[in-house]
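*Asks:* This is the structure I have questions about; it appears just below.
Protein chains in written order, with the numbering used here: chain S, 123 to 461; chain G, 342 to 475.
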């Protein structure tokens, strides 16, 4: 019975030490009884192929052994939905913190010696590793909670109060898209990093055109330095709010308010551009363009920004009116139900 | 029915999954009921199979351990036919639990029969034209 011994030895490798001998002895007795029963039916001893067939049907050693183990999951079915929820809620925040940390690191480095393009590339490459570590830590935490719940016989799914459920929202419609929100967040983060890299790497905005611009008679106004940091500040605030919005998984009042604030910040960026008024000045070392031509160029850009700002302002005003109207109607409906 | 299941692997898989779920609870009941008499693993499996309830060895033997850990079974190593075997029997707690489980089982069975009967009678009482409305 060499094959039976090998089989039991293989099972034993996966069994807990405390019950291993007992379990293997029982398995041996049962398998031998099965073999003897089969031999009795056939009226002869089983050959090796028939023995192997019996053992194969009994199951793969690791699977057989796993059925003798008490706990099969690190995070049980009761806790698993909370685990998934926590991962989904915290993922955007982790990405946000990572982006902020990388941005701060870039800002405080000596740009003369640091290749910003390479730094951004490295940050993108290291993001999966950071997310993996975050996932590992979250899993370990929930494993600990699972162990504690089992050890102390508590259940977190029982500890809830229906009174804590949120009010029924009007115009609930489809839940906000998580993928869309995260994609928007990533695009915003990449755009912010891109803008941060531009001062030291102008080719990022114009590509080969930067050489062309050097030979032109106009250049950016020095006031861009001030506008630039105002825009960076507004974009950073937008990024933070977008990350918070990704965490809000339904179209509630708070999400609508945040949405309006994000749009208002966008309006702020346009307002900064309008306030600039002069965007291009004569370049040093060149014969200046006729004053009328440069003034017309700046005026055209200025008017363009003003029109966009006007449209965006009207849109925001309309959104605010709709929000106030819906909130008011909702409050009145709730008060009628309460009465 | 078999022809339909064989021709549709998804349906067959779904049926197998639901059947497994349905059998899981019944197996515990059957094992406890069968162990009113003493058995060791192999003879218990044979006895259940003889009654039409075949169970895989890899399912039955760990189940016996689990039921013993829960205090529903007692076991004893004893020599029989020149070989040591572990014999299982229903414990006093197991007997009480089995009685409660059987009462529950009978209740479920009766309810299911009532549901099926009421459904059958409502189908029979429907006018023949209903089936042709579409």
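Glycine included, each C-beta is placed from N, C-alpha and C at the ideal position.
Computed from a prediction, not measured in an experiment: that's the story for all the values here.
Mapping DSSP to helix, strand and coil, what is residue 445 of chain G?
*Replies:* Position 104 of the second chain, counted from the start, is the residue given in the question as residue 445 of chain G. Correct three-state label for residue 445 of chain G: helix.
*Asks:* Pull up the distance between the alpha-carbon of residue 385 of chain S and that of residue 202 of chain S, whole angstroms please.
*Replies:* Along the first chain, read from residue 1 onward, the residue named residue 385 of chain S stands at position 263. Along the first chain, read from residue 1 onward, the residue named residue 202 of chain S stands at position 80. If I take the Cα positions, the gap works out to 36 Å.
*Asks:* What does residue 425 of chain G reach in chain S if we use C-beta pairs closer than 8 Å?
*Replies:* For the purposes of this step, residue 425 of chain G is identified with residue 84 of the second chain, where counting begins at 1. Correct list: 147 and 151.
*Asks:* Can you give the Cα-Cα distance for residue 342 of chain G and residue 386 of chain G, rounded to whole angstroms?
*Replies:* As a first step, residue 342 of chain G must be located in the second chain, where it is residue number 1. As a first step, residue 386 of chain G must be located in the second chain, where it is residue number 45. Confidence is the limiting factor: at residue 342 of chain G the pLDDT is only 45, short of 50, which leaves the residue's position unreliable, though a coordinate-based value still follows. Computed Cα separation, rounded: 28 Å.
*Asks:* Can you pull the chain S neighbours of residue 409 of chain G, defined as C-beta to C-beta under 9 Å?
*Replies:* The sequence position of residue 409 of chain G within the second chain is 68, counting from 1. Ordered by position in chain S, no residue passes the 9 Å Cβ test against residue 409 of chain G, which lies about 11 Å from the chain.
*Asks:* Could you tell me the boundaries of the beta strand (DSSP E) in which residue 429 of chain G lies?
*Replies:* For the purposes of this step, residue 429 of chain G is identified with residue 88 of the second chain, where counting begins at 1. Where residue 429 of chain G is concerned, the enclosing beta strand (DSSP E) stretches over 424–431.
*Asks:* Which residue marks the beginning of the beta strand (DSSP E) containing residue 419 of chain G, and which one marks its end?
*Replies:* If you number the second chain from 1, residue 419 of chain G lands on position 78. Its beta strand (DSSP E) spans residues 414–421.
*Asks:* Tell me the rounded alpha-carbon separation between residue 471 of chain G and residue 452 of chain G.
*Replies:* For the purposes of this step, residue 471 of chain G is taken as the residue at position 130 of the second chain. For the purposes of this step, residue 452 of chain G is taken as the residue at position 111 of the second chain. Per-residue confidence for residue 471 of chain G stands at a pLDDT of 46, beneath the threshold of 50, marking its modelled position as unreliable; no derived number is given.
*Asks:* State the DSSP-derived secondary structure class of residue 345 of chain G, mapped to helix, strand or coil.
*Replies:* Here residue 345 of chain G corresponds to residue number 4 of the second chain, with the count starting at 1. With a pLDDT of 48 at residue 345 of chain G, under the threshold of 50, the modelled position of that residue is not reliable, and the figure given next carries that caveat. Residue 345 of chain G falls in the helix class under three-state DSSP.
*Asks:* Which stretch, first to last residue, makes up the alpha helix (DSSP H) that contains residue 403 of chain G?
*Replies:* By one-based count along the second chain, residue 403 of chain G stands at place 62. Where residue 403 of chain G is concerned, the enclosing alpha helix (DSSP H) stretches over 398–410.
*Asks:* Taking 6 Å as the limit between beta carbons, can you name the residues of its chain near residue 136 of chain S, skipping five residues before and five after?
*Replies:* In the first chain, counting from the first residue as 1, residue 136 of chain S sits at position 14. Around residue 136 of chain S: 184 and 187.
*Asks:* If I measure Cβ to Cβ from residue 365 of chain S and keep anything under 8 Å in the same chain, skipping five residues before and after, which residues do I get?
*Replies:* Sequence index remark: in the first chain, residue 365 of chain S carries index 243 (1-based). These residues qualify, in order along the chain: 214, 215, 217, 218 and 307.
*Asks:* Just mark residue 447 of chain G as buried or exposed, buried being the case when its beta carbon has 16 or more other beta carbons within 10 Å.
*Replies:* The count along the second chain starts at 1 and reaches residue 447 of chain G at position 106. The residue is exposed, with fewer than 16 neighbouring Cβ atoms inside 10 Å.
*Asks:* By DSSP, does residue 379 of chain S sit in helix, in strand, or in coil?
*Replies:* Working through the first chain from its first residue, we reach residue 379 of chain S at position 257. Looking at residue 379 of chain S - three-state DSSP - the assignment turns out to be helix.
*Asks:* Does the beta carbon of residue 361 of chain G come closer than 8 Å to any beta carbon on chain S?
*Replies:* For the purposes of this step, residue 361 of chain G is taken as residue 20 along the second chain, with counting starting at 1. So, not an interface residue.
*Asks:* Let me know the secondary structure DSSP gives residue 454 of chain G once reduced to three states.
*Replies:* The count along the second chain starts at 1 and reaches residue 454 of chain G at position 113. Reduced to three states, the DSSP call for residue 454 of chain G is helix.
*Asks:* Given residue 394 of chain G, which residues of its chain have a CB within under 6 Å of its CB, disregarding the five upstream and five downstream residues?
*Replies:* In the second chain, residue 394 of chain G corresponds to position 53, counting from 1. Contacts found: 371.
*Asks:* Beta carbon of residue 446 of chain S: closer than 7 Å to some heavy atom of the ligand ATP?
*Replies:* The ligand content of the structure shown is nil, which means the ligand ATP is not present either.
*Asks:* In the region 188–202 of chain S, which residues sit with their C-beta less than 7 Å from some C-beta in chain G, listed in chain order?
*Replies:* Of all residues in the region 188–202 of chain S, 189 and 190 have a Cβ within less than 7 Å of some Cβ in chain G.
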